[in-house]
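Structure record follows, encoded as structure tokens.
There are 4 protein chains.
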Amino acid sequence: MPETRFSSPEASIAYMKEVAIERSGFSSWLGVEPIKVWQGESELLLSMRDELTQHHGFAHGAIVGLMADNACAWAAASAVGDVVTGSYSINFLAPAIGTALRAKGTVIKAGKRQVVVRADVWSEDAEGTAKLVASAQGTIIPTGKVELPR
Amino acid sequence: MPETRFSSPEASIAYMKEVAIERSGFSSWLGVEPIKVWQGESELLLSMRDELTQHHGFAHGAIVGLMADNACAWAAASAVGDVVTGSYSINFLAPAIGTALRAKGTVIKAGKRQVVVRADVWSEDAEGTAKLVASAQGTIIPTGKVELPR
Amino acid sequence: MPETRFSSPEASIAYMKEVAIERSGFSSWLGVEPIKVWQGESELLLSMRDELTQHHGFAHGAIVGLMADNACAWAAASAVGDVVTGSYSINFLAPAIGTALRAKGTVIKAGKRQVVVRADVWSEDAEGTAKLVASAQGTIIPTGKVELPR
Amino acid sequence: MPETRFSSPEASIAYMKEVAIERSGFSSWLGVEPIKVWQGESELLLSMRDELTQHHGFAHGAIVGLMADNACAWAAASAVGDVVTGSYSINFLAPAIGTALRAKGTVIKAGKRQVVVRADVWSEDAEGTAKLVASAQGTIIPTGKVELPR
Chain A
1 MPETRFSSPE ASIAYMKEVA IERSGFSSWL GVEPIKVWQG ESELLLSMRD
51 ELTQHHGFAH GAIVGLMADN ACAWAAASAV GDVVTGSYSI NFLAPAIGTA
101 LRAKGTVIKA GKRQVVVRAD VWSEDAEGTA KLVASAQGTI IPTGKVELPR
Chain B
1001 MPETRFSSPE ASIAYMKEVA IERSGFSSWL GVEPIKVWQG ESELLLSMRD
1051 ELTQHHGFAH GAIVGLMADN ACAWAAASAV GDVVTGSYSI NFLAPAIGTA
1101 LRAKGTVIKA GKRQVVVRAD VWSEDAEGTA KLVASAQGTI IPTGKVELPR
Chain C
2001 MPETRFSSPE ASIAYMKEVA IERSGFSSWL GVEPIKVWQG ESELLLSMRD
2051 ELTQHHGFAH GAIVGLMADN ACAWAAASAV GDVVTGSYSI NFLAPAIGTA
2101 LRAKGTVIKA GKRQVVVRAD VWSEDAEGTA KLVASAQGTI IPTGKVELPR
Chain D
3001 MPETRFSSPE ASIAYMKEVA IERSGFSSWL GVEPIKVWQG ESELLLSMRD
3051 ELTQHHGFAH GAIVGLMADN ACAWAAASAV GDVVTGSYSI NFLAPAIGTA
3101 LRAKGTVIKA GKRQVVVRAD VWSEDAEGTA KLVASAQGTI IPTGKVELPR
């Protein structure tokens, strides 16, 4: 299990909200909610709304891609501190129809120069039924700046 | 050179605005502007604003990713009609600092079952100086529904 | 669980040996051994030898890549029949030092037009200790020719 | 244009033959020939033979993948010295039928921590007609050990 940079699961959530979301104009507008950012694993949730759709009414691929990218970056951040995304590959598996998107990321290997992470994204309907809509693999790069939560 | 599904360069732009942008809640909100969607090549432009930033104030990776994905999809659409993104890989090369993002896509191979496209994304400053910020390779899937512009 | 194209686990192994290995000059030369090709999952083993190394004496990246690619293709073939690799992304995680390479693939989604698969490759030493050396995600394309084993 | 680590185009070819090929059991067995390894660009050639085929008689995907990977790594090495492959994504575009494979790589961005490279692979027939069979994008990691040719 990767080590963690946070003092507790709650501290990591507070940190992600303050740093990765509130300071980011785009993440604030989106309203991504961190559920878990702990010991190399991440989970995040996003409520769907009309502004997030593509021309068939599904969640836009960029929004699905964002969920995968964020899941990779947050899982990596939980293990190594401040990070930037180096690269990722994503496969879209099904139209993202539903009321919410949920993503989970898991660190495969946390190295000094790069952290490799896998992430999956599901769409959920009002009853909570989940459908896998995308799978990704990302290479996340530690910046070396480990800002710890206060 | 791939064949095109549009009657003229102008018709393709009108079609992208009407179908891919105005019918998409997210693309409308973003304000992506199609510059070229013709014969396997695409170019699109996006003005930066605070709502599109990550926590360091640069363009959010999801926005850069969207530009790359759109450039791939639109280049493919210019050759084969209606498409969905199957998968893509993207490398982030530099922070996207500036007043606009520009993306260009070029079809490498347009097959019946998949269209392979390369795309690059640049950030531009107020003087128009461009910096390459991301490079991507996408697999775009024709839906078989070739909606031609009226 | 994906359906399978084979009548039994043993039939699938016999088929892979006869078709994918013996008819392939490269796979025959390599000596890849199919361990499992069943219901969307694959496992394969390769004994290391000097001819398979790169200039530091580790397994050559192309050999590690082949194990990942084969694991993806064979897992897909177990679910949908004859396939070709459309694309894959691979992350190399550690030098492949040891006496054997083992790869496992798992189908994430088997569609009509593409099968998305994840695969991992481990190096093993003489004591059987395994180290994860690469992780991949592949898009495998059914050819439509479902050759069933006799 | 990236700087180069070699004193001349001829020195770089001599170096690749001595280090990357002769010291590698697999590359020696294959017989890959370096044509160009200079200023962020690479070109390499491989004569086809029965031992390099898959079960339809075409060049095996692992061999095509190796050509793409080598083209990425060698292009990067020409700019930054000793490298290892971090990751790559490859799209297979057509069956690799013919008497030779040729690959070319071009550095997109040479950074301190990673070098991003694009590569293409062509199959050539006896008349020298070339067909694009694969396109790749790789992330190559400098080891920091810059062995210069003697």
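As they're listed, the protein sequences go chains A, B, C and D. If you read the first sequence in the working numbering, its first letter stands for residue 1, the second for the next number, and so on. If you read the second sequence in the working numbering, its first letter stands for residue 1001, the second for the next number, and so on. If you read the third sequence in the working numbering, its first letter stands for residue 2001, the second for the next number, and so on. If you read the fourth sequence in the working numbering, its first letter stands for residue 3001, the second for the next number, and so on. For glycine and all other residues, C-beta sits at the position ideal for the given N, C-alpha and C. Remember, predicted model here, so these are calculated numbers, not experimental data.
Closer than 8 Å at the beta carbon, the chain C residues around B:G1086: What you label residue 1086 of chain B is simply residue 86 of the second sequence in a count that begins at 1. Near B:G1086 (Cβ distances below 8 Å), the residues of chain C are Q2114, T2139.
Own chain, CB closer than 6 Å to A:E43, minus 5 neighbours either side, in chain order: For this step, residue 43 of chain A is matched to residue 43 along the first sequence. Answer for A:E43: I35, K36, K104, listed in chain order.
Backbone CA spacing between D:D3069 and A:T53 [nearest angstrom]: On the fourth sequence, position 69 is the one that residue 3069 of chain D refers to. On the first sequence, position 53 is the one that residue 53 of chain A refers to. One C-alpha to the other measures close to 37 Å.
Within 8 Å, strictly: CB atoms of B:S1047 and B:A1100: Along the second sequence, one-based indexing puts residue 1047 of chain B at 47. Along the second sequence, one-based indexing puts residue 1100 of chain B at 100. Contact flag set, yes.
Buried versus exposed, by CB contacts within 10 Å (16 or more), D:E3127: Numbered from 1 along the fourth sequence, position 127 holds the residue referred to as residue 3127 of chain D. Exposed, by the Cβ-count rule.
Top-ranked residue by Cα proximity to B:V1116, from D:V3115, D:V3116, D:L3093: Here the question's residue 1116 of chain B lines up with position 116 in the second sequence. Answer by Cα proximity: D:L3093.
Validate contact between the segment 2130–2141 of chain C and the segment 3007–3015 of chain D using beta carbons, cut 8 Å, 3 pairs: no
Contact with chain C by A:L52, beta-carbon distance below 8 Å: In the first sequence, residue 52 of chain A corresponds to position 52, counting from 1. Not one chain C Cβ lies under 8 Å of A:L52.
C:G2144 burial status per 10 Å Cβ neighbour count (16 or more: buried): Position 144 of the third sequence, counted from the start, is the residue given in the question as residue 2144 of chain C. Under this definition C:G2144 is an exposed residue.
Neighbour-count burial assignment, D:R3113, 16 or more Cβ in a 10 Å radius: Taking the first residue of the fourth sequence as 1, we reach residue 3113 of chain D at position 113. Flag for D:R3113 reads exposed.
Exposure of D:H3060, with buried meaning 16 or more beta-carbon neighbours within 10 Å: Taking the first residue of the fourth sequence as 1, we reach residue 3060 of chain D at position 60. D:H3060 comes out buried.
Contact check, B:R1102 vs B:W1122, beta carbons under 8 Å: By 1-based counting over the second sequence, the position of residue 1102 of chain B is 102. By 1-based counting over the second sequence, the position of residue 1122 of chain B is 122. Yes; because the gap between Cβ atoms is below 8 Å, this pair is in contact.
Contact between the segment 3074–3085 of chain D and the segment 3026–3033 of chain D (3+ Cβ pairs under 8 Å): no
Residue environment, B:D1050, which counts as buried when at least 16 other CB atoms sit within 10 Å: Numbered from its first residue, the second sequence carries residue 1050 of chain B at position 50. By the neighbour-count rule (16 or more Cβ atoms within 10 Å), B:D1050 is not buried but exposed.
Whole-angstrom distance between A:D120 and A:Q137, CA atom to CA atom: Against the first sequence, residue 137 of chain A aligns to sequence position 137. Against the first sequence, residue 120 of chain A aligns to sequence position 120. Computed Cα separation, rounded: 9 Å.
Where the segment 2064–2095 of chain C meets chain B: residues whose CB sits under 8 Å from a CB there: G2086, S2087, S2089
Host beta strand (DSSP E) of C:P2142 (start-end): Counted from its first residue, the third sequence places residue 2142 of chain C at position 142. Note, C:P2142: beta strand (DSSP E), 2130–2142.
Beta carbon proximity, B:V1121 to chain A, threshold 8 Å: Position 121 of the second sequence, counted from the start, is the residue given in the question as residue 1121 of chain B. Closer than 8 Å: no.
Beta carbon proximity, C:R2023 to chain D, threshold 8 Å: Position 23 of the third sequence, counted from the start, is the residue given in the question as residue 2023 of chain C. By this cut-off, C:R2023 is an interface position.
Extent of the continuous alpha helix (DSSP H) run through D:V3080: For this step, residue 3080 of chain D is matched to residue 80 along the fourth sequence. Note, D:V3080: alpha helix (DSSP H), 3061–3080.
Close-in-space but distant-in-sequence residues of the same chain around A:L45 (CB under 7 Å, 5 per side omitted): Along the first sequence, one-based indexing puts residue 45 of chain A at 45. Contacts found: E33, I35, A100, R102.
Any chain A beta carbon closer than 8 Å to B:L1103: Counting from 1 along the second sequence, the entry for residue 1103 of chain B is found at position 103. A small fix is needed here, since residue 1103 of chain B is Ala in this sequence, not Leu. No, B:A1103 does not count as interfacial toward chain A.
Closest Cα partner of C:Y2088 within the set D:G3111, D:A3096, D:V3064: Within the third sequence, residue 2088 of chain C is the residue found at index 88, counting from 1. If we check each option's Cα against that of C:Y2088, D:V3064 comes out closest.
Limits of the beta strand (DSSP E) - the one that A:G86 falls within: Position 86 of the first sequence, counted from the start, is the residue given in the question as residue 86 of chain A. Segment 83–92, the beta strand (DSSP E) holding A:G86.
Per-residue DSSP class, three states only, for A:I97: Counted from its first residue, the first sequence places residue 97 of chain A at position 97. It is coil, neither helix nor strand.
As assigned by DSSP and simplified to three states, the class of B:V1032: Reading the second sequence from its first residue, position 32 is the one you call residue 1032 of chain B. Note: B:V1032 maps to coil in three-state DSSP.
Top-ranked residue by Cα proximity to A:A96, from A:P142, A:G31, A:E41, A:E124: For the purposes of this step, residue 96 of chain A is taken as residue 96 along the first sequence, with counting starting at 1. Checking every option, the nearest Cα to that of A:A96 belongs to A:E124.
C-beta neighbour in chain D for C:V2107, strict 8 Å: To locate residue 2107 of chain C, count along the third sequence from 1; it is residue 107. No - not a single Cβ of chain D is within 8 Å of the one on C:V2107.
Expected contact under 8 Å - CB spacing of D:G3031 and A:T139 to nearest Å: Position 31 of the fourth sequence holds residue 3031 of chain D. Position 139 of the first sequence holds residue 139 of chain A. Not really, about 32 Å apart at Cβ, beyond 8 Å.
D:A3020: contacting residues in chain C (beta-carbon distance under 9 Å): Stepping through the fourth sequence from its first residue, residue 3020 of chain D is reached at position 20. Under the 9 Å cutoff, chain C gives Q2054, H2055.
For B:V1019: DSSP bridge partner residues: Numbered from 1 along the second sequence, position 19 holds the residue referred to as residue 1019 of chain B. BP columns for B:V1019 are empty, so no partner.
Short Cβ contact (8 Å threshold) for A:A20 with B:H1055: Counted from its first residue, the first sequence places residue 20 of chain A at position 20. Counted from its first residue, the second sequence places residue 1055 of chain B at position 55. Going by C-beta atoms, A:A20 is nearer than 8 Å to B:H1055.
Counted within 10 angstroms of its Cβ, other Cβ atoms place B:P1002 as buried (16 or more) or exposed: The count along the second sequence starts at 1 and reaches residue 1002 of chain B at position 2. Because the pLDDT at B:P1002 is just 48, under 50, the model does not fix this residue reliably, and the point stays unresolved.
Chain C contact residues for D:A3100, given Cβ-Cβ distances below 8 Å: Translated into positions along the fourth sequence, residue 3100 of chain D becomes position 100. Here the premise fails: no neighbours, minimum Cβ distance about 16 Å.
Segment limits, beta strand (DSSP E) that includes A:R118: Taking the first sequence and counting its residues from 1, one reaches residue 118 of chain A at position 118. That run of the beta strand (DSSP E) goes 115–124.
A:Y15 versus A:L66: straight-line alpha-carbon distance, rounded: Here residue 15 of chain A refers to the residue found at position 15 of the first sequence. Here residue 66 of chain A refers to the residue found at position 66 of the first sequence. A:Y15 and A:L66: Cα-Cα distance of roughly 19 Å.
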